[in-house]
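Remarks on the structure that follows.
In my numbering, the protein residues as written are 22 to 189.
Structure representation (C-alpha cells):
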C-alpha cells in the first residue's frame, strides 16, 4: 500500500482516506503542508529539487513540504517536513491556505513560515542545491527558468502579505 492521505473537497473538508498516487492520478484534491524559510537577516531559502525527485525534478522552489498524513494537521506536517528535508527542527508559524490549481493536481496548500538560524542538512534525494536570497533578488529570478508553479503562486501570495517573522 502506498502513502495514505486525506482526499478533501473545495472547502478543505475530509471526504475519505486514499493513496496519494491515486489522488494525483485522478486529480483529487488533497493537502500539502509547505513552509517558506527565512534566515535571521530576512533572506528567503530558494532550493532546486533533486533530478530524481518524482514531482518537478530540477525545478526551483521556495517551499519545503509534502503531503499531510491522515489525521495530521498542516502545522505538524510542515514541521515534520522541515526535519525530513532540511534537518531543521524549528517551530513553524501557520500563515494561510489556498487551493492551488497548477501543478500535479488541485491541492490545498497550507503555507507556513519558519525562521532558521542553524546550519541546514538538506536531504540530497529531495534537494540538489539551495541558497538564501533577498526578496529583491528572488523577485528578479522567480519567473526565470523552471520554477514549481505552486511555489511561485505561494511566494506571490506570501510577499503580498504583511511583514515577515522576526527573530524570537
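Idealized CB from N, CA, C, for every residue including glycine.
For clarity, every value in this text was computed on a predicted model and none was experimentally measured.
Query                                                                                               : Result
Reference residue 62, options 83, 131, 118, 155, closest by Cα                                      : 155
Helix, strand or coil at residue 188 according to DSSP, with G and I counted as helix               : Note that residue 188 scores a pLDDT of 37, beneath 50, so its modelled location is shaky; the value from the coordinates is reported in the next line. Correct three-state label for residue 188: coil.
Proximity of residue 207 and residue 77 at Cβ, strictly below 7 Å                                   : The shown model of the chain, from 22 to 189, leaves out residue 207, and the question about it has no answer.
Residue 134 (DSSP reduced to helix, strand or coil)                                                 : strand
Residue 119 versus 33, 39, 25, residue with shortest Cα-Cα distance                                 : 33
Residues near residue 189 by beta carbon distance below 6 Å, same chain, minus five either side     : At residue 189 the pLDDT is 30, less than 50, meaning the model places this residue with poor confidence and gives no usable figure here.
Same chain only: Cβ atoms within 6 Å of residue 48, ignoring 5 sequence neighbours per side         : 126
Touch test, the region 28 to 47 against the region 134 to 150, Cβ-Cβ under 8 Å, three pairs minimum : no
Three-state secondary structure assigned by DSSP to residue 172                                     : helix
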